[in-house]
Every structure is written in C-alpha cells, then in structure tokens.
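Line order of the protein sequences matches chains A and B.
Residues in the first sequence are numbered from 3 upward in steps of one, following the numbering used here.
Residues in the second sequence are numbered from 690 upward in steps of one, following the numbering used here.
All C-beta atoms in this analysis are idealised placements derived from N, C-alpha and C, irrespective of residue type, glycine included.
Note that the structure is predicted; figures quoted are calculated from it, not measured.
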Amino acid sequence: GESVGLHLPTLSVQEGDNSIINCAYSNSASDYFIWYKQESGKGPQFIIDIRSNMDKRQGQRVTVLLNKTVKHLSLQIAATQPGDSAVYFCAETSTGANSKLTFGKGITLSVRP
Amino acid sequence: EAQVTQNPRYLITVTGKKLTVTCSQNMNHEYMSWYRQDPGLGLRQIYYSMNVEVTDKGDVPEGYKVSRKEKRNFPLILESPSPNQTSLYFCASSFAGRVYGELFFGEGSRLTVL
Numbered sequence: 003g004e005s006v007g008l009h010l011p012t013l014s015v016q017e018g019d020n021s022i023i024n025c026a027y028s029n030s031a032s033d034y035f036i037w038y039k040q041e042s043g044k045g046p047q048f049i050i051d052i053r054s055n056m057d058k059r060q061g062q063r064v065t066v067l068l069n070k071t072v073k074h075l076s077l078q079i080a081a082t083q084p085g086d087s088a089v090y091f092c093a094e095t096s097t098g099a100n101s102k103l104t105f106g107k108g109i110t111l112s113v114r115p
Numbered sequence: 690e691a692q693v694t695q696n697p698r699y700l701i702t703v704t705g706k707k708l709t710v711t712c713s714q715n716m717n718h719e720y721m722s723w724y725r726q727d728p729g730l731g732l733r734q735i736y737y738s739m740n741v742e743v744t745d746k747g748d749v750p751e752g753y754k755v756s757r758k759e760k761r762n763f764p765l766i767l768e769s770p771s772p773n774q775t776s777l778y779f780c781a782s783s784f785a786g787r788v789y790g791e792l793f794f795g796e797g798s799r800l801t802v803l
C-alpha cells in the first residue's frame with residue numbers, strides 16, 4: 003500500500019551544524035507535502051509546506067526540498083539549535099477532493115551542546 | 690491566543706467506563722479532526738469534521754464516536770473503552786481551505802485504559 007516513511011528513526015547533530023531530515027513517499031498522486039515538529043509533551047506544529055510544482059521552499063532557518071523523480075522529501079535546518087530537538091514528521095496528501103493527509107512515523111532530532 | 694484546547698490532558702480509567710475527551714478551538718476553523726499517536730505507528734486519524742453537523746470516519750474509527758454541534762467544539766467519545774485504546778490523542782483544526790496543510794494541534798490527551 004501507499005506509505006510515507008522516514009529513512010532513519012533518530013538523528014544526532016552538533017549544535018550549530020546543519021541538519022538534514024529525509025523522508026520517502028510512495029504515493030505518486032501526492033502533490034502537497036508538509037513538515038511538522040513535535041516537541042516533547044506537545045502537539046505537532048506546522049513548520050513548512052511545499053507543493054509539487056516546486057522543488058524548493060525556504061522558511062526561517064528551514065528549507066524543504068522535493069525530488070518528485072525519486073519521491074523524496076527533505077527538511078534542512080540551518081545552524082541547529084537546542085530548541086530544534088524534537089520529533090519531525092513529514093506528511094503527504096493530494097489537493098484533490100476526498101484526499102487524506104498521511105503522516106510518516108517520525109524521526110527524532112537530538113542536538114548535542 | 691489562538692489555540693486548540695483538549696481536556697483532560699491525562700486520564701486513567703477502567704475498561705467499559707464511558708469517557709469524553711473535549712476539544713475546543715478559538716480560531717473559527719471549519720475543519721476539526723482527532724488523531725491517535727502510538728509508538729511505531731505515528732499519527733492515525735480517527736474521525737474528522739468538515740463543518741458543523743458534518744463528520745466522517747478516518748482510518749481507525751472503531752470504538753469511537755464524535756459530534757459537531759458547534760463550530761468550536763469536537764468531543765471524542767469512548768462509549769466502552771478498552772485497553773487497546775490506551776494512547777495519546779490529539780485534536781487538530783484548520784480552515785477548510787487549508788484542510789491538508791496547516792493543521793493546528795492541541796497539546797494532547799494521554800489516556801490509559803486498565
């Protein structure tokens with residue numbers, strides 16, 4: 003079946019380094035992708051989204067890259083800070099009627115001081 | 690402050706004892722949804738509502754009920770809880786036009802069914 007998955011369950015980075023969190027998706031009909039951040043004890047929080055007509059979108063310290071050819075999505079965090087420590091989820095959907103939002107299982111980002 | 694509020698945040702109950710988890714949003718969102726989060730399974734949708742009096746099943750609706758009598762409230766009802774409903778529950782909302790985008794989540798309700 004269709005699935006959204008993440009390559010690695012955990013990622014440890016040094017404070018100040020850049021982080022790259024990867025996500026693979028398999029539903030070729032998906033045309034809208036979102037990254038969420040979930041801090042310990044809190045609900046997921048929207049970070050950034052991207053539509054399939056784009057291959058890159060930048061926010062504040064974050065960049066999302068979309069490679070439709072290989073069905074790959076990544077989230078880049080520049081100058082990672084301790085406050086970036088969290089679980090990150092990618093999610094996919096299509097913008098058509100009755101489509102559903104499918105979340106990946108999450109990857110934990112741990113920032114070393 | 691714009692927020693989605695869930696209550697209770699923590700609850701321990703016993704099998705068969707009906708309970709309701711409330712969810713309220715103050716952003717005038719049309720769309721509301723309930724998810725459960727379990728280790729290794731990620732976020733799975735239980736029920737969702739496109740607007741008042743409009744609800745529909747998500748991926749894992751068995752054992753749950755919802756209602757949407759008012760725009761701001763979307764309670765989750767467990768008529769006869771069972772141990773397999775032990776989980777972390779999240780309510781989320783968004784504007785109808787952004788249903789599949791910027792969902793606003795509550796802080797979560799951790800439920801344990803003994």
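task = Compute the Euclidean distance between the alpha carbons of A/I23 and B/L792, then round it to the nearest angstrom.
result = 21 Å
request  = Could you list which residues in chain A have their beta carbon closer than 7 Å to that of B/F763, in chain order?
outcome  = Residues of chain A passing the Cβ test: none, with the nearest at roughly 14 Å.
message = Quick check: what's the CA-CA separation for B/F763 versus B/D727?
response = 21 Å
Those residues which DSSP pairs with B/D727 across a bridge = B/G731
ask   = Which one of A/P11, A/R53, A/G43, A/A81 has the shortest CA to CA distance from A/D33?
value = Of the candidates A/P11, A/R53, A/G43, A/A81, the one whose C-alpha sits nearest the C-alpha of A/D33 is A/R53.
key: Pairwise C-alpha distance: B/Y753 and B/K746   = 10 Å
Distance, B/P772 Cα to B/G731 Cα = If you take the alpha carbons of B/G731 and B/P772, they lie about 18 Å apart.
query = Counting only beta-carbon atoms, is B/E719 nearer than 9 Å to chain A?
reply = no
query = Do we get a CB-CB distance below 9 Å when we pair A/Y90 with the residues of chain B?
reply = no
inquiry  = Can you pull the chain A neighbours of B/E791, defined as C-beta to C-beta under 9 Å?
reply    = I36, F48, D51
request  = Over the uninterrupted beta strand (DSSP E) stretch that includes A/E94, give me the two end residues.
outcome  = Start and end: 88–95.
query = Using a Cβ cut-off of 8 Å, which residues of the segment 97–112 of chain A contact any Cβ in chain B, in chain order?
reply = T97, S101, K102, L103, F105, G106, K107, G108
query = For A/A80, which beta-bridge partners are listed by DSSP?
reply = Partner(s): none; A/A80 has no beta bridge.
request  = Pull up the distance between the alpha-carbon of B/P750 and that of B/L765, whole angstroms please.
outcome  = 11 Å
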